[in-house]
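Everything below concerns the one structure shown next.
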Amino acid sequence: MRYLSPILLFITIISAQSDHDTLQPIRIGLALSGGGALGIAHVGVLKVLEQESIPINFIVGNSMGSVIAGFYAAGYKACQIESILLNANMTQLLSSEIPFGARYLPERQHKQRYTFQFRHEKLMPSLPSGLMSIQNAKFLFMQLLSKIEYNSFYDFDSLVIPFRTIAIDLKTGRKISFRHGRLAQVIRASMAVPGIFPPVKIGDYELIDGGIISNLPVDQLFEFAPDLIIASLTTRKEIETDGSVIDVILRSIDLIGIDDWEKQKEYADIVIEPNVEKFRNSDFNKVKLLVQTGEQAAHQILPQIRERIANHKLEYKRRSIQKRQLPIISQIELQGLKTTRTQVIRPRISSKEGDPLDFDRLINDLMNVYDTDFFEQIDYDLDFNQTQDSVTVILKFKEKTFGYYALGVRYDNFDGVNLGLTVGQGNIYGSGADIRAALNLGNPNEIRLGLTGTRLYNLPLGYRLDGFWRSIENYFFEDRISQYVPRQIDMRGGIFETGYILGKNAFFNLGVTGYKAKYNNYHELIAGPFFRIEYNNFNDLYFPTWGITYQIKGLYSSKAFKATEDFWKLSYFSEHIIPLSSKLFMHPRLEIGISDGRVALSEYFSSSGLNYIGFKKFKFMTEQKLVLSHSFDIKLIDLFNHQDYPVYFQVFTSAASFVKYNDLIFNRFNLDNFQWSAGIGIKANTPIGPMQLNFGYSGIKAYYIDELKISFSIGREFRYSED
16 MRYLSPILLF
26 ITIISAQSDH
36 DTLQPIRIGL
46 ALSGGGALGI
56 AHVGVLKVLE
66 QESIPINFIV
76 GNSMGSVIAG
86 FYAAGYKACQ
96 IESILLNANM
106 TQLLSSEIPF
116 GARYLPERQH
126 KQRYTFQFRH
136 EKLMPSLPSG
146 LMSIQNAKFL
156 FMQLLSKIEY
166 NSFYDFDSLV
176 IPFRTIAIDL
186 KTGRKISFRH
196 GRLAQVIRAS
206 MAVPGIFPPV
216 KIGDYELIDG
226 GIISNLPVDQ
236 LFEFAPDLII
246 ASLTTRKEIE
256 TDGSVIDVIL
266 RSIDLIGIDD
276 WEKQKEYADI
286 VIEPNVEKFR
296 NSDFNKVKLL
306 VQTGEQAAHQ
316 ILPQIRERIA
326 NHKLEYKRRS
336 IQKRQLPIIS
346 QIELQGLKTT
356 RTQVIRPRIS
366 SKEGDPLDFD
376 RLINDLMNVY
386 DTDFFEQIDY
396 DLDFNQTQDS
406 VTVILKFKEK
416 TFGYYALGVR
426 YDNFDGVNLG
436 LTVGQGNIYG
446 SGADIRAALN
456 LGNPNEIRLG
466 LTGTRLYNLP
476 LGYRLDGFWR
486 SIENYFFEDR
496 ISQYVPRQID
506 MRGGIFETGY
516 ILGKNAFFNL
526 GVTGYKAKYN
536 NYHELIAGPF
546 FRIEYNNFND
556 LYFPTWGITY
566 QIKGLYSSKA
576 FKATEDFWKL
586 SYFSEHIIPL
596 SSKLFMHPRL
606 EIGISDGRVA
616 LSEYFSSSGL
626 NYIGFKKFKF
636 MTEQKLVLSH
646 SFDIKLIDLF
656 NHQDYPVYFQ
666 VFTSAASFVK
676 YNDLIFNRFN
686 LDNFQWSAGI
696 GIKANTPIGP
706 MQLNFGYSGI
716 KAYYIDELKI
726 SFSIGREFRY
736 SED
C-alpha cells in the first residue's frame with residue numbers, strides 16, 4: 016500500500032495532462048474603441064486580463080484605442096503603458112510647444128513675452144489644420160516604437176501580437192485598414208481627430224481619425240478569425256454641453272458613429288463598457304482614475320469571460336521580435352523646405368551618410384531641427400534598397416507660416432492697463448531673422464520698428480537693430496525724502512547690438528545705443544557702447560522651481576558719440592531658486608548698481624514697486640543701489656487641477672541702500688543708510704499670464720517713515736522699456 020498513493024497521483028497527473036491536450040484551443044481577439052482621454056480606461060482592462068492570465072492573440076484599435084493597442088501589440092505590458100501615461104507631461108505631449116529648455120535663452124524670453132500669438136500670411140490670418148499638432152507625442156511614439164517597428168519588418172503581423180488599426184482617407188472618404196507600415200505613424204493617423212489634430216500624410220493618403228466611420232473597429236478582427244471577441248467601449252451616454260472644444264468635437268464624433276458602434280458591439284461576444292460618465296474626453300490628466308475605471312469594468316465582466324474560456328486551452332504564445340542588423344545610410348534627403356535654407360538644417364543633423372542607421376540619433380536630429388521653431392511638423396521615412404542593407408533617410412518638413420501677430424495685455428495698480436501689439440515676419444530669406452513693428456499703449460506709450468534674430472543661418476549670433484519713440488511717466492524720489500515729483504520723459508532713438516549665444520542658457524551682447532531724452536524744458540542725448548552678459552537656467556520663465564540666473568550690464572555714454580555728458584553705469588543681478596521640498600522654494604536675490612555719479616536722469620536705477628515690495632513704483636530712482644532680498648514660495652494648489660496653473664503663497668524680506676558705496680563702506684553700514692521692507696503675497700498663473708497680489712510694509716529709517724502698500728498685477732510683461 017505504501018507505493019499505491021504515488022502511483023495513483025502519477026496516473027491522475029497524466030490523465031489531467033491528457034484531458035488538457037484534448038481541450039479545444041481558443042484564440043482571443045480584443046477591439047479597443049476611441050474616445051480621447053476616456054480611452055485610457057482600456058489600460059485598466061488590459062491590466063485585469065493580464066492578472067487573470069487571459070492572453071490576447073489579436074488586437075485592434077482606433078484613435079486612443081489604437082495608441083493603447085499599438086503599444087500592447089509592440090510588446091509593452093499594461094503596467095508599462097500606464098507608467099508612460101503617468102510620467103508624460105500630457106499638456107506638453109498634446110501640443111507643438113518646444114520644451115522650455117530646448118530653446119536658446121533669448122528665444123525663451125521672447126517666445127513667452129506676449130499672451131496671445133497668431134500666424135498670418137501676407138497679413139491675412141492663417142489658420143492651422145488642427146488646434147494642436149501634437150508633434151511632441153509624435154516624438155515620443157518614435158522614441159518608443161521606431162526600433163520595434165524596424166525589427167518587425169514594418170509588418171503588423173510580425174509584432175508581438177498581430178495588430179490592425181484604421182483611418183479615413185480625406186480624399187476619397189474610404190476607411191483604410193493598416194496591416195503594415197511605420198507603427199508610430201499609423202497610430203498617429205488613427206488619432207488625427209478633424210479640427211483638433213492635423214491630418215497625417217502616408218503615401219498618397221491624407222488620413223484622419225477612423226472614428227468618423229467606425230469608432231469601435233470590431234470587424235477588423237474578422238480576418239484573424241478569433242474564437243472569442245472581446246470589445247472595450249469607452250464612450251459617455253449622457254450628453255455634455257459645457258465641455259471644451261476637444262470635448263465637443265469628440266462627442267460629435269461619438270454621435271455620428273452611434274449606429275456603427277451599436278452594430279460593432281453585436282459582432283463582439285463580450286463587451287466591456289467602463290463607466291466614464293464622470294470624465295471628459297479631454298481629461299488626459301486623470302490617468303490613474305481612468306485606469307481604475309477600466310479595471311472595475313473588467314472585473315465585473317470577468318465571470319462571463321471565464322465561462323466562455325472554460326474547457327478550452329488558452330494560447331499564451333507571444334512572438335519575440337529579434338533584433339536585426341541596421342542598414343547603412345546611403346543618402347539623407349530633405350523634403351518640404353520652401354523658405355528655410357538647407358545650411359540651417361544640415362549642421363543640426365548628426366546622422367551621416369555612410370554610417371549605420373541609428374534611430375536614437377535620427378530622432379534626436381529631428382528634435383534638434385524642430386527646436387529652431389521653423390516647422391509645424393517633422394517626420395521621417397525610410398526607403399530601403401532591395402537587399403535591405405542600405406537606406407535613404409527622408410526627412411520631411413512642414414514649415415510654419417512665418418508671419419505673426421502678438422498681443423499683450425497687462426494691468427497693474429501702478430501703471431494701469433497696458434496693451435501691446437506686434438506685427439512681424441519671421442525667418443526672412445531663410446536666415447532666421449524677424450522684422451517687426453510694435454505698438455504699446457499705456458505707460459509707456461511706445462512705437463518700435465526693428466530687426467531681430469537669435470541666429471544667423473546656423474551661426475549662434477544674436478542681433479537687434481531697433482528704432483523707437485517712447486513716452487513714459489516717471490516719479491522721482493528727491494533729496495532722500497518721501498516726496499514724489501512727476502516727470503514725463505519723451506525718448507526717441509535707436510539701438511544696435513550683436514552677440515554670441517553661449518549654449519542654451521547664456522549669451523553675451525555688445526552694442527551701441529543712442530537716444531534723445533526730453534523732460535520738461537530740458538533734454539539730453541545718451542549715446543555710446545554697452546554690453547550685457549546673462550546666464551539663466553530656470554526651468555520656467557515665470558514660475559521656476561529650480562535654477563539660477565546672473566546678469567551683468569554696462570553702459571558708457573560718451574561725448575565721442577555726441578552724448579550730452581560722459582558717464583558710465585554697471586549693474587549686477589542674481590537670483591537662486593532653491594527647492595527645499597516639492598512645495599517649498601527659497602529665492603535669495605542680489606542687485607547692485609554703480610555709476611560715476613553723473614548718470615542721465617533716464618538711466619537712473621529703479622528699485623521699487625513690484626521688484627521692491629512695500630514701496631511705490633519709482634520710489635527709488637537713484638545713481639547707486641544695493642538691494643538684498645529674500646522670499647519663500649509655498650505652493651498651495653493647482654488652479655483648474657492643472658499643473659500649468661500653480662498658486663503660491665509668498666513671504667518677502669528686503670533691505671536696500673542707495674547711497675554712494677564709499678559712504679556706505681566708510682560709515683560702516685550705518686543703519687540710517689538702509690531702507691527695509693517685508694510682505695506677504697499670492698502668486699498664481701492664469702490663462703492670460705501671471706497674477707501677483709502683494710501686501711508690503713516698508714520703512715525709511717533715517718526719516719522714520721513707514722508705509723503699507725498693496726501691489727497687484729496680472730498679465731505678462733511685454734513692455735520693451737522694462738528690458
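Sequence positions in the sequence shown follow this note's numbering and run 16 to 738.
Heads up, the beta-carbon is just placed ideally off N, CA and C, and yes, glycines get one too.
Since the structure is predicted, the reported quantities are computational estimates derived from the model, not experimental observations.
Cβ neighbour criterion (16 or more within 10 Å) applied to residue i
i    : result
W561 : exposed
G518 : exposed
P318 : exposed
M751 : Lying before the first or after the last residue shown, residue 751 is absent from the chain, which here runs from 16 to 738.
H538 : exposed
L24  : Residue confidence for L24 is low, a pLDDT of 49 falling below 50, so the modelled location carries little weight; the figure read from the coordinates is stated next. Exposed, by the Cβ-count rule.
D224 : buried
R123 : buried
Y676 : exposed
D494 : Confidence at D494 is low in this model, with a pLDDT of 48, below 50, so its placement is unreliable and no value can be given for it.
L142 : exposed
A151 : Sequence inspection shows Asn at residue 151; the Ala mentioned does not correspond to that position. It counts as buried.
G612 : exposed
Q690 : buried
D274 : exposed
Y557 : exposed
Contact belief for residue i with residue j at Cβ below 8 Å, rounded distance in angstroms
i    : j    : result
H135 : T416 : 7 Å
V75  : Q337 : Not a contact, Cβ separation roughly 24 Å.
P594 : F588 : About 21 Å separates the two Cβ atoms, so there is no contact after all.
Y169 : R197 : 6 Å
K411 : D388 : Incorrect: roughly 17 Å between the Cβ atoms, too far for contact.
I83  : L47  : 6 Å
S692 : G711 : 5 Å
V614 : K584 : 6 Å
A64  : A313 : One point to set straight first is that residue 64 is Leu, not Ala, in the sequence displayed. With 8 Å as the limit, L64 and A313 qualify as a contact, their Cβ atoms being about 7 Å apart.
S161 : F374 : 4 Å
S345 : G226 : The pair is not a contact, with the Cβ atoms about 39 Å apart (cut-off 8 Å).
Beta-carbon proximity of residue i to residue j, cut-off 8 Å
i    : j    : result
F673 : I628 : no
L100 : V302 : yes
F733 : R425 : yes
N520 : N552 : yes
S247 : P342 : no
T250 : L474 : no
I378 : M157 : yes
Y660 : L654 : yes
N428 : N458 : no
L471 : I450 : no
L540 : T513 : no
G477 : I510 : no
D386 : S366 : no
G59  : V306 : yes
L61  : E549 : no
T637 : Y619 : yes
Closest residue to residue i among the options (Cα-Cα distance)
i    : options                : result
L349 : P342, I316, Q340, I360 : I360
Y282 : N290, V233, F299       : V233
S753 : S111, F399, E97, D172  : The question about residue 753 has no answer here: the residues shown for the chain are numbered 16 through 738.
Q279 : S229, S610, F212, I217 : S229
T437 : N455, G431, L174, S446 : N455
N709 : A699, I695, P362, T701 : I695
R463 : G457, G116, G482, T469 : G482
N656 : W691, A699, L616, S669 : A699
G351 : I316, L397, F390       : F390
N326 : G435, A117, L38        : L38
S523 : H195, S596, T469, Y571 : The residue asked about is misnamed: residue 523 is Phe in this sequence, not Ser. Cα-wise, what sits closest to F523 is T469.
L179 : Y444, F239, K328       : According to the sequence displayed, residue 179 carries Arg and not Leu. Comparing Cα positions, the closest option is F239.
F727 : A89, G431, G80         : G431
Beta carbon proximity, residue i to chain B, threshold 8 Å
i    : result
A152 : No chain B appears in the structure shown, which is made up of a single protein chain.
For the stretch 184-244, which segments carrying the beta strand (DSSP E) assignment without a break, of at least 3 residues, lie completely within its bounds, in sequence order? As far as the stretch 184-244 is concerned, its whole beta strand (DSSP E) runs of at least 3 residues are 190-193, 215-217, 220-224.
What beta strand (DSSP E) runs, 3 residues minimum, are completely inside the stretch 284-352? 285-287, 327-329, 343-350
List, from N- to C-terminal side, the beta strand (DSSP E) runs of 3 residues or more that fit wholly inside the stretch 127-171. Taking only runs of at least 3 residues, the beta strand (DSSP E) segments lying wholly in the stretch 127-171 are 131-136.
Could I get the ranges of all uninterrupted beta strand (DSSP E) runs contained in the stretch 588-669, with 3 residues as the minimum, in chain order? 599-610, 640-653
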